[in-house]
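Participant:
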Amino acid sequence: MLSNVKHIVLVLSGKGGVGKSTISSQLALTLKDQGFKVGLLDIDLCGPSIPYILNLEGKDVHQSNEGWIPVYTDHEQRLAVMSIGFLLGNRNDAVVWRGPKKTAMVKSFLKDVRWGELDYLIIDTPPGTSDEHITVMENLKTIKCDGAILVTTPQQVSIEDVRKELTFCRKTGINILGIVENMSGYICPSCDECTNIFSAGGGQSLAELAKVPFLGKFPIDPRVGKLAGTGKSAGAKIPGSEISKAFYALVKLLLEEGKENNGA
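Numbering-wise, numbering that gives the first Met the number 0 puts 261 at position 262 of the sequence shown, and it's gapless, one number per residue.
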C-alpha cells in the first residue's frame, strides 16, 4: 500500500556495523520534527534494531481488513514504524528462515502495510545484496522510488563493500541519491574537537570516483549513542551539534532532490 507515499528512500550498506539503522531512524525522526508525515520500514529480518532504537519494543501490530497497521511513535501519528521485531516474542528470538519465507515477509511488508498518506517512507535494509534487496527492487518497479542512500564508514574494508552496493544499484536500476560517511571522526562531548580515530575522506573519495553525490560526514558522538532507546532525534536533544547539523543538511538535500523529481 505505497500508492499514497510521495517519496521512498532506501538506506543501504555493503556491510553490517556501519550505523545504517541509526542513520535511517535519525533521518526519519528529523523529517518528522520538520513537520512531515513519515514511515520507517525495517526489512532487516535477521537483525531488526529499529524497535529498540525508537523505544517501541513490546508494541504490537495488528491486522485489519486493509492490512497491517503500523506502530506509531507519537500521538499525532507523524511517524509510523513497521518491523519484524514487533512480531517476535522478545529481542533474543532469532529469525531462522530460508530465502522464500524471507521474500514472502518482505513482500507483505511492502504491499500489506496500511501506511496512509506519507510524505516520506524510509526503508532500512539489511547489509549486503541479498534476497531481501532483490524482493524490494522487484516490488518497487511499478512505484516511483526516489533512490538509495549508501552508508559507509571511513575504513577501506567498508568502502570496498560499498563499491559492490553501487554495482548492485546500477544493475537493478536504483537511483543513487548519494553516499554518507558515518563514524567520520570522534566528537569530544566536552570540547567538541573532532579526532579521526579511523581515517577520513574515504566516503567522499568514493563518491567522487563513482560520480555520485556525497551527502555528508556524520561523526561519532557519544550523545547520539545515548539517544538509542529514547526515540528522540539528535536535532531535538543535542541541537547545534555537528551530528544534528549533518542530519538537517541531509534532509535539505532530500527535499531538493524531491523538488527536482517533481519538476519544481
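Even for Gly, the Cβ is constructed at its ideal location relative to N, Cα and C.
Please classify G177 as buried or exposed, where buried requires at least 16 other C-beta atoms within 10 Å of its C-beta.
Facilitator: G177 is buried by the Cβ-count criterion.
Participant: Taking contact to mean at least 3 C-beta pairs separated by less than 8 Å, is the region 112 to 131 in contact with the region 9 to 20?
Facilitator: As far as the Cβ criterion goes, the region 112 to 131 touches the region 9 to 20, which means the pair count is three or higher.
Participant: So M0 is in the alpha helix (DSSP H); what residue range does that whole segment cover?
Facilitator: Run containing M0: none; DSSP gives neither H nor E here.
Participant: May I ask you to list the residues that DSSP assigns as paired with L11?
Facilitator: Beta-bridge pairing links L11 to L149.
Participant: What span of residues does the beta strand (DSSP E) with G215 cover, start to end?
Facilitator: Unbroken beta strand (DSSP E) run through G215: 213 to 219.
Participant: With three or more beta-carbon pairs closer than 8 Å as the criterion, would you say the region 140 to 148 touches the region 174 to 188?
Facilitator: With a cut-off of 8 Å, the region 174 to 188 and the region 140 to 148 count as touching, because enough Cβ pairs lie within range.
Participant: Leaving aside the five residues before and after E219 along the sequence, list all residues of the same chain whose C-beta is less than 6 Å from its C-beta, in chain order.
Facilitator: For the sequence presented, residue 219 should be read as Ile rather than Glu. Contacts found: M182, Y185.
Participant: Would L40 be called buried (16 or more neighbouring beta carbons within 10 Å of its own) or exposed?
Facilitator: Buried is the call here.
Participant: Indicate whether Q25 and L252 have their beta-carbon atoms separated by less than 9 Å.
Facilitator: Contact: no.
Participant: With H, G and I counted as helix, E and B as strand and the rest as coil, what does DSSP make of K140?
Facilitator: Reduced to three states, the DSSP call for K140 is coil.
Participant: Should the region 17 to 36 be regarded as contacting the region 109 to 128, the criterion being three or more beta carbon pairs within less than 8 Å?
Facilitator: Contact between the region 17 to 36 and the region 109 to 128 is present, because at least three Cβ pairs lie under 8 Å.
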